[in-house]
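S.K.:
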Amino acid sequence: MFFKLAVNNVRRSVRDYAIYFLTLTFGVCLFYVFNSIESQQAMAALSANQRQIIEMLTSAIGYVSIFISVILGFLVVYSNGFLMKRRKKELGIYMLLGMDKGKISRILIAETLIIGIFSLGAGLAVGIFASQGLSAITAGIFEMDMSSFQFTFSLSALIKTLLYFGIIFVVVMIFNTISISKYRLITLLQASRKSQTFRIRNIWVSVSAFAVSIACLAAAYYLILNKGWTSSEIFLLCIILGCTGTLLFFFSLSGILLRVIRANKKLYYRGLNMFIFRQISSKINTAFVSMGMICLMLFVTMVTFSVGTSIAHAASQAVKSAAPYDLSLTKFALSSDEQYTAAEKPVTEAFALQDLLDLYAKEYLEISFYNNMIDMSDMPGILPDIPPAAQTSPMRAVSLSDYNRALESQGKAPVHLGTDEFAVNCNSPAVEPYYHMDRGQTITFNGKEYRLGIKQVLNSTLDTSYALMDTGTVILPDAAFEGLVPNVRTLNVMYRQSDSEYAQQATGAFQNRIAQQAPEGAGQISMEEDMLVRMYDKEEVYSSNVGTSVIFSFIAIYIGLIFLITCVAILALQQLAEASDNTVRYGLLRKLGTDQAMVNRSLFMQILIYFAAPLLPAVAHTIVGLQFSSMLVQIFGSGTSIVTMSLITAGIMLVVYGGYFLATYFGCKGMIRPKK
Amino acid sequence: MEPILNVSNLEKYYGGRGMVTKAVDNISFSVNKGEFVGIMGASGSGKTTLLNCIATIDTVTSGHIYVDGKNITAMKAKQLAAFRREQLGFVFQDFNLLDTLTAYENIALALTIIKAPVKLIDSKVKYVAKALGILDILKKYPYQLSGGQKQRVACARAIITQPSLILADEPTGALDSKSARMLLESFETLNRDLCATILMVTHDAFTASYCHRILFIKDGKLFNELVRGNSSRKAFFDNIISVVTLLGGDNSNVF
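Note that the protein sequences, when read in sequence, are chains A and B. Per numbering that gives the first Met the number 0, residue 0 is the first one in the first sequence, and the count goes up by one each step. Per numbering that gives the first Met the number 0, residue 0 is the first one in the second sequence, and the count goes up by one each step.
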């Protein structure tokens, strides 16, 4: 009997709250898909390096999933509260008929169970199929052959999903039971009749809150854009100012908005505008905290999406130009170490690598660099607005013939310089915009003056490294280096064969030789600050970049999608829960002679403005946030990718946001339709 | 006097297949311009159904209703909406004010729906509010008002568009006796000073005693008609009570 009642209730609420059910299903689906990455087919064919990446990714997703389940748990509890609110009268009638609270609780528990089982089932079913698609994407990223398709299923992800959502539903049941025990019969029965009371804030409170919020936001925008990178305290301050500003903005928004619009009598007293604005302002007034939260979550969503995928994109793009050689060995001269003070011996000689080069190398070349001869402050003409912290960054110097040999080995045309001319090479997308090559510049090098010979920045990469990190290399005619000893020498090697096994073998051989030749404790191949020898191989650079790419994009998409559906689901549910109150209001408007088109337009505008209210400030935040973080993206590679990824993000936002908006509109329209 | 409302052979049936309830059973009457007419009857007599049919909120089974010469039973949904907002004013038992709007805005809403020029709105609202004695509460929200004040705001909303006909459904039903008296005096003001034609449904004899003419309905049929003429309200009230007793009279046969 109770179960039948529960089933009927669910059937009805599924019709009214399809959005809640779909969101739940979507959440379960995403949860399963991302937690099943480890056992996807693509993973079986990974190399050791790649497997390590996936292990990192899996543990990262594990941690993120805890956070995600808290967000989803909040969503479920929150939406359930809305469902309960709508059903107060129904619960009141159960109580009036003599059903005790324990039994009502049991009905609700049964309902939660049914909804839980259905959404879990549907979500898992969709998730299992969707994970096959994700598997194909992963395979694409790792450039793997997926011709032998295999259907995979992750038991661990299944168990994890069931466990996490099980906990969420248990929490919901506890919440329901608690709220039932607090209800009083009279308030339940009169719930629908109680007219809302509006606490209209004093206009001066609104105005001052609004002023403070604008000041906070302006300060946060200014600080983050101008000083955001300087210290973590300032960054934190910006976050706090931003959050405070956003909350105050929504706190004061309805009062200000209403005041402004009421001042425009032509707009306010036209058709149902008065009604529309009043409805929205009362809704924002009561729900300003959740509006503020939604706005901030949307901001996080958009930034995560754009930055995460941009970094991923930049990293995978940059790798091709960052690693032109299979192996780059760089020997540094350090003043602290007598033996290597002057790097007069070439790398090949210093480490006795000739036999290995004969064995493995198809082609090799050595380039000499002269560090610490010149720094960025020597070029005020072409670097007029370099940040103070970077002014003393050293620039490398290289001879024209070495530079042209490097270009030749990469199949590029050589450059030409006059005897008193210099050129600049820079491949770091983050630094390149600081060069203004259209301006003149003369420098003094080794006692002689040179003027700028090539009026543009050269973008070549002279050795293999993790990212495009050449912030500035000065190219000078060979004669300029007369009498100087190079302090950095780089050996670039192209292997005879290009497959990864051969490369690993060759790199291993070079690594061993250097370890043998280097003096005890000094010649270690390390990434430490005061290294003597640095070694980068293409394989490692590739897999590390792909790793960065995969981890950033997967986590970004995971968090982004969950945040996004949470936000829009809450917005949608807030509007749908209103719909029962609205039924009465629209019924009255209809009696007063408002035709259906006007009612529909009013409903549309109400939901549109309500959906847009948190989105617009979030977009403003995002634009600033992206300005700030584009620096971060540029470190990883090409600077244009953030624009592309922002557009893709905008596209995804539009589809999901628009979809939920339309679903809400049609849902509400169905609810307020006069019953025959 | 030309009739503003003409109801002829109106029937409204509910149910079907042998279980027909005749809520309104062949009723004909007319209301002249400037009249204040009451419809009385016990619960379930069909008076609210009749009012809903005239209000075009409900459809009729057969018969015709003419308002200002136009046959409203033959109108389409869009025409009906336009008809309601232009020709009718409503006062409901439970006030039906929008809780998000102030009293002023609730009254102005009726004007904005008919797309009245903005510059006329303020003066019209103030004029009507003054007539009904609610000038000082215009800035308040419904939850800040008493029942009587809410109902007078509803009256102002009903009259402000100068409709051909104001329909009131148990307007005093949710009011205490003092508020009810004030509201009925407001109705008299509307009727006398603002030339409103009012059709009011009630089951309360005191409320009905403010009308010029009362139609009594029983079981969906027109049962009797009382005209106040020049008699005092007290005398009219006594007349009403006697008809009500008569109406209830054959109930005694049931027991």
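The beta carbon of each residue, even a glycine, is placed where N, CA and C say it ideally should be.
Let me know if residue 415 (chain A) comes out buried or exposed under the rule of 16 or more other beta-carbons within 10 Å of its beta-carbon.
M.R.: One-based indexing of the first sequence puts residue 415 (chain A) at position 416. That one is exposed.
S.K.: Here's the rule I'm using: 16 or more other beta-carbon atoms within 10 Å means buried, otherwise exposed. How should residue 375 (chain A) be labelled?
M.R.: Here residue 375 (chain A) is taken as the residue at index 376 of the first sequence, counted from 1. Counting Cβ neighbours within 10 Å, residue 375 (chain A) comes out buried, since at least 16 surround it.
S.K.: Helix, strand or coil for residue 82 (chain A)? Go by DSSP, reduced to three states.
M.R.: Walking along the first sequence from the start, residue 82 (chain A) turns up at place 83. Three-state DSSP puts residue 82 (chain A) in a helix.
S.K.: Determine, using beta carbons only, whether residue 88 (chain A) comes closer than 9 Å to chain B.
M.R.: The sequence position of residue 88 (chain A) within the first sequence is 89, counting from 1. Chain B, which has no Cβ nearer than 9 Å to the Cβ of residue 88 (chain A), makes this no.
S.K.: By the criterion of Cβ-Cβ separation under 8 Å, what are the contact partners of residue 117 (chain B) in chain A?
M.R.: As a position in the second sequence, residue 117 (chain B) is number 118, starting the count at 1. By Cβ distance, chain A contributes 264, 265, 268 and 269.
S.K.: Would you identify the three-state DSSP class for residue 20 (chain B), choosing helix, strand or coil?
M.R.: As a position in the second sequence, residue 20 (chain B) is number 21, starting the count at 1. Strand at residue 20 (chain B).
S.K.: Just list the beta strand (DSSP E) runs in the segment 191 to 240 of chain B, keeping only unbroken ones of 3 residues or longer that don't cross its boundaries, in chain order.
M.R.: Complete beta strand (DSSP E) runs here, min 3: 197 to 201, 212 to 217 and 220 to 226.
S.K.: Check whether the Cβ of residue 188 (chain A) lies closer than 9 Å to any Cβ atom in chain B.
M.R.: Residue mapping note: residue 188 (chain A) aligns to position 189 of the first sequence, counting from 1. Cβ-Cβ to chain B under 9 Å: no for residue 188 (chain A).
S.K.: Please confirm whether residue 572 (chain A) and residue 81 (chain A) have their CB atoms less than 9 Å apart.
M.R.: Counting from one through the first sequence, the residue named residue 572 (chain A) turns up at place 573. Counting from one through the first sequence, the residue named residue 81 (chain A) turns up at place 82. Yes, the pair counts as a contact, with Cβ atoms nearer than the cut-off.
S.K.: Please look up how many angstroms separate the CB atoms of residue 190 (chain B) and residue 156 (chain B), rounded, as I've assumed it's under 8 Å.
M.R.: Position 191 of the second sequence, counted from the start, is the residue given in the question as residue 190 (chain B). Position 157 of the second sequence, counted from the start, is the residue given in the question as residue 156 (chain B). That belief does not hold up - the Cβ atoms of residue 190 (chain B) and residue 156 (chain B) are roughly 16 Å apart, past 8 Å.
S.K.: Give me the subset of the segment 96 to 118 of chain B whose CB atoms are less than 7 Å from a CB atom of chain A, sorted by chain position.
M.R.: So the close ones are 97, 98, 99, 100, 104, 107, 108, 109, 111, 112, 114 and 117.
S.K.: Going by the DSSP bridge assignment, what does residue 70 (chain B) pair with across the sheet?
M.R.: Working through the second sequence from its first residue, we reach residue 70 (chain B) at position 71. Note: residue 70 (chain B) sits in a beta bridge opposite B:65.
S.K.: Less than 9 Å between CB atoms is the rule here; does residue 159 (chain A) satisfy it with respect to chain B?
M.R.: For the purposes of this step, residue 159 (chain A) is taken as the residue at position 160 of the first sequence. No, residue 159 (chain A) does not count as interfacial toward chain B.
S.K.: Over the uninterrupted beta strand (DSSP E) stretch that includes residue 307 (chain A), give me the two end residues.
M.R.: Numbered from 1 along the first sequence, position 308 holds the residue referred to as residue 307 (chain A). Where residue 307 (chain A) is concerned, there is no enclosing beta strand (DSSP E), although the alpha helix (DSSP H) it sits in stretches over 287 to 321.
S.K.: Give the secondary structure of residue 185 (chain B) by DSSP, where H, G and I count as helix, E and B as strand, and everything else as coil.
M.R.: The count along the second sequence starts at 1 and reaches residue 185 (chain B) at position 186. In the structure shown, residue 185 (chain B) sits in a helix (DSSP, three-state: H, G or I).
S.K.: Determine, using beta carbons only, whether residue 252 (chain B) comes closer than 9 Å to chain A.
M.R.: As a first step, residue 252 (chain B) must be located in the second sequence, where it is residue number 253. Note that residue 252 (chain B) scores 46 on pLDDT, short of 50, meaning its location in the model is unreliable; the coordinates nonetheless yield the value given after this. Not one chain A Cβ lies under 9 Å of residue 252 (chain B).
S.K.: With 16 other CB atoms within 10 Å as the buried threshold, where does residue 62 (chain A) fall?
M.R.: Taking the first residue of the first sequence as 1, we reach residue 62 (chain A) at position 63. Looking at its Cβ environment, which holds fewer than 16 other Cβ atoms inside 10 Å, residue 62 (chain A) is exposed.
S.K.: Is the shortest distance between the beta-carbon of residue 277 (chain A) and the beta-carbons of chain B less than 9 Å?
M.R.: On the first sequence, position 278 is the one that residue 277 (chain A) refers to. At least one chain B Cβ lies under 9 Å of residue 277 (chain A).
S.K.: Count Cβ pairs between the segment 74 to 90 of chain B and the segment 48 to 61 of chain B that sit closer than 8 Å; are there 3 or more?
M.R.: Because the criterion of three Cβ pairs below 8 Å is met, the segment 74 to 90 of chain B and the segment 48 to 61 of chain B touch.
S.K.: Report the neighbours of residue 84 (chain B) on chain A: residues whose CB is nearer than 9 Å to its CB, in chain order.
M.R.: Residue mapping note: residue 84 (chain B) aligns to position 85 of the second sequence, counting from 1. 591, 592, 593 and 594, listed in chain order.
S.K.: Give every residue of the same chain whose Cβ lies closer than 7 Å to the Cβ of residue 100 (chain A), excluding the five residues on either side of it in the sequence, and list them in chain order.
M.R.: Locating residue 100 (chain A) in the first sequence gives position 101, counting from the first residue. Here the set comprises 179 and 180.
S.K.: At 4 residues or longer, and completely inside the segment 9 to 36 of chain A: list those alpha helix (DSSP H) runs for me, N to C.
M.R.: List check, alpha helix (DSSP H) in window: 17 to 34.
S.K.: Answer with buried or exposed for residue 86 (chain A), where buried requires no fewer than 16 other C-beta atoms within 10 angstroms of its C-beta.
M.R.: Start at 1 with the first residue of the first sequence, and residue 86 (chain A) comes out as number 87. Buried, by the Cβ-count rule.
S.K.: Using CA coordinates, which residue listed in B:38, B:12, B:8 and B:16 is at the minimum distance from residue 166 (chain B)?
M.R.: Counted from its first residue, the second sequence places residue 166 (chain B) at position 167. Measuring from the Cα of residue 166 (chain B), the nearest candidate turns out to be B:38.
S.K.: Between residue 467 (chain A) and residue 428 (chain A), which are expected to be in contact by the criterion C-beta below 8 Å, what is the C-beta distance as a whole number of angstroms?
M.R.: Taking the first residue of the first sequence as position 1, residue 467 (chain A) is located at position 468. Taking the first residue of the first sequence as position 1, residue 428 (chain A) is located at position 429. Indeed, because the Cβ distance is near 6 Å, the residues count as touching under 8 Å.
S.K.: Buried or exposed for residue 129 (chain B), going by 16 or more other Cβ atoms inside 10 Å?
M.R.: Position 130 of the second sequence, counted from the first residue, corresponds to residue 129 (chain B). So residue 129 (chain B) counts as exposed.
S.K.: Go ahead and label residue 2 (chain A) buried or exposed: buried means 16 or more other beta carbons lie within 10 angstroms of its beta carbon, across all protein chains shown.
M.R.: The residue labelled residue 2 (chain A) in the question sits at position 3 within the first sequence. Exposed, by the Cβ-count rule.
S.K.: Residue 77 (chain B) versus chain A: which residues are under 7 Å apart at the beta carbon?
M.R.: Residue mapping note: residue 77 (chain B) aligns to position 78 of the second sequence, counting from 1. Correct list: 594.
S.K.: Listed in chain order, which residues of the segment 48 to 60 of chain B have Cβ atoms closer than 8 Å to some Cβ of chain E?
M.R.: The structure shown contains no chain E; its protein chains are A and B.
S.K.: For residue 68 (chain A), write down the residues that DSSP places opposite it in a beta bridge.
M.R.: By 1-based counting over the first sequence, the position of residue 68 (chain A) is 69. BP columns for residue 68 (chain A) are empty, so no partner.
S.K.: Residue 394 (chain A) by DSSP, collapsed to three states: which one?
M.R.: Here residue 394 (chain A) corresponds to residue number 395 of the first sequence, with the count starting at 1. Three-state DSSP puts residue 394 (chain A) in a strand.
S.K.: Tell me whether the segment 313 to 330 of chain A and the segment 126 to 144 of chain B touch, counting them as touching only if at least three CB pairs, one residue from each stretch, are closer than 8 Å.
M.R.: Touching, no, given that fewer than three Cβ pairs across the two stretches are closer than 8 Å.
S.K.: Taking contact to mean 3 or more Cβ pairs, one atom from each stretch, closer than 8 Å, check whether the segment 220 to 238 of chain B and the segment 63 to 71 of chain B are in contact.
M.R.: The answer is no - the segment 63 to 71 of chain B does not touch the segment 220 to 238 of chain B, with fewer than three Cβ pairs under 8 Å.
S.K.: For a contact meaning CB atoms closer than 8 Å, what does residue 89 (chain B) contact in chain A?
M.R.: In the second sequence, counting from the first residue as 1, residue 89 (chain B) sits at position 90. The contacting residues are 590 and 591.
S.K.: Count the other CB atoms within 10 Å of the CB of residue 536 (chain A); is the residue buried (16 or more) or exposed (fewer)?
M.R.: Translated into the one-based positions of the first sequence, residue 536 (chain A) becomes position 537. By the neighbour-count rule (16 or more Cβ atoms within 10 Å), residue 536 (chain A) is buried.
S.K.: Determine the DSSP secondary structure at residue 361 (chain A), reduced to helix, strand or coil.
M.R.: Sequence index remark: in the first sequence, residue 361 (chain A) carries index 362 (1-based). Three-state result, residue 361 (chain A): strand.
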